[in-house]
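Here is the structure we will look at.
Residue numbers (my numbering): 3 to 419.
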């Protein structure tokens, strides 16, 4: 239980420190955020019809007048002028492109190289990269570019793409989540968006130290706790401080509980499904996973929001952050080196999968020997080695938590004992 609580606390710290960068008035910014440039043009003749945003209207890609460039809680809305657009996106983000008509009705999402997001970290020309999608066509609600930037402007391996396919379901379901309050207008335009993501606490093995290699449990032996988390925009009314979750449609759970919540400029509400843990479990209870489907989040007892959740196949696509501790002649910890490996043994570039890694070193009483939550490793610092400013006494070290956030906002606590 303590490990899950630690992860929640870390999440709340991150949540409270990161302000929503959304600017509802920024509707004609052709350069977008500072960083990468993304451009494309509409093919009028190759459009396959799509249903409008919960309206039943039939739209084609030739109806597209705006592109919503969406990265987590931040967005830029740019105009399509004479069939073409140029937008900006932040380096280090997972960015979705959503195409809207003149009345902000949903038409479709960019779908490139098997992904509904563009992982914008490892780039051919760094922050000066320009991605020209060239001609775009519509198939259902998937907007297909003639030029696939994955493996070209975006430096990424097939293993990394496969890993991201499993976790990009949130953006695939954006067509359902974009209007959670069912008023026909994308919620983010009024700061009323609701983001949904999973939090995982995973006990995987024993860290390595000096010449002793880490011991890693097979994926089927890893013990995993799950929570389902909802983050809301500042335009939502949470004055009643009441949060409830039901669903999914067609097979609703009867055991969903509110685990915790925080209200700042926005809100974060966490839900769990609890059952007794098996005898060999590292914690006293198990937080069960949530299956994919359509859920209803209720605020203040009477405000219902429909959200679609895509279940993540964490067992087959988990990115393991594997630590090896390095000590000095006095046995104190000088540094920790890290490897990033998928369950099949493939090594990956962590910059394409995650945005930050923090660590917590604890004793048996769950007291911190060291905590880097407020100073995590990022792509700027590098993910391979963490060097301590002062050698750390680890005589009492019992547990090492490596907490990372993937580029879609899901959070993972990889626990080593």
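No residue lacks a Cβ here, since even glycine has one placed at the ideal position from N, Cα and C.
In this model, residue 304 and residue 244 are separated by some 10 Å (Cα to Cα). Selection 158, 101 and 166 evaluated against residue 145 yields 101 as nearest (Cα-Cα). Boundaries of the beta strand (DSSP E) harbouring residue 362: 356–364, taken from the DSSP string. By the Cβ rule, the segment 400–415 counts as touching the segment 320–328, because three or more pairs are nearer than 8 Å.
Listed as beta-bridge partners of residue 278 by DSSP are 287. By the criterion of at least three beta-carbon pairs nearer than 8 Å, the segment 196–215 is not in contact with the segment 147–164. Around the Cβ of residue 83, a 10 Å sphere holds fewer than 16 other Cβ atoms; the residue is exposed. The alpha-carbon of residue 376 is positioned some 27 Å away from that of residue 120. Pairing residue 374 with residue 402, the inter-Cα distance amounts to about 12 Å.
Taken through DSSP and simplified to helix, strand or coil, residue 205 comes out as strand. Pairwise C-beta distances place the segment 245–262 out of contact with the segment 197–216, as fewer than three of them are shorter than 8 Å.
Residue 357 is positioned such that its CB atom lies closer than 8 Å to that of residue 94. Burial state of residue 238 is buried, judged by a 10 Å Cβ sphere holding 16 or more other Cβ atoms. According to DSSP, residue pairing for residue 325 in a beta bridge involves 340. Here residue 416 is buried. Its C-beta has 16 or more other C-beta atoms within 10 Å. When rounded, the separation of the alpha-carbon atoms in residue 67 and residue 151 is 23 Å. A residue is called buried once 16 or more other Cβ atoms fall within 10 Å of its Cβ, and residue 44 is buried on that count.
With a 10 Å radius around the Cβ and a threshold of 16 neighbouring Cβ atoms, residue 154 comes out exposed. The three-state secondary structure of residue 129, taken from DSSP, is helix. In the three-state DSSP reduction, residue 164 falls in the helix class (H, G or I).
By alpha-carbon distance to residue 388, the top candidate from 339, 128 and 399 is 339. Here residue 413 carries a strand assignment [DSSP, helix/strand/coil]. Non-local beta-carbon contacts of residue 265 in its own chain, meaning distances under 8 Å to residues more than five positions away in sequence, involve 240 and 243 in chain order. Measuring C-alpha to C-alpha distances from residue 362 to each of 378, 352 and 294 identifies 378 as the nearest. Looking at the DSSP output, residue 100 shares a beta bridge with 70 and 111.
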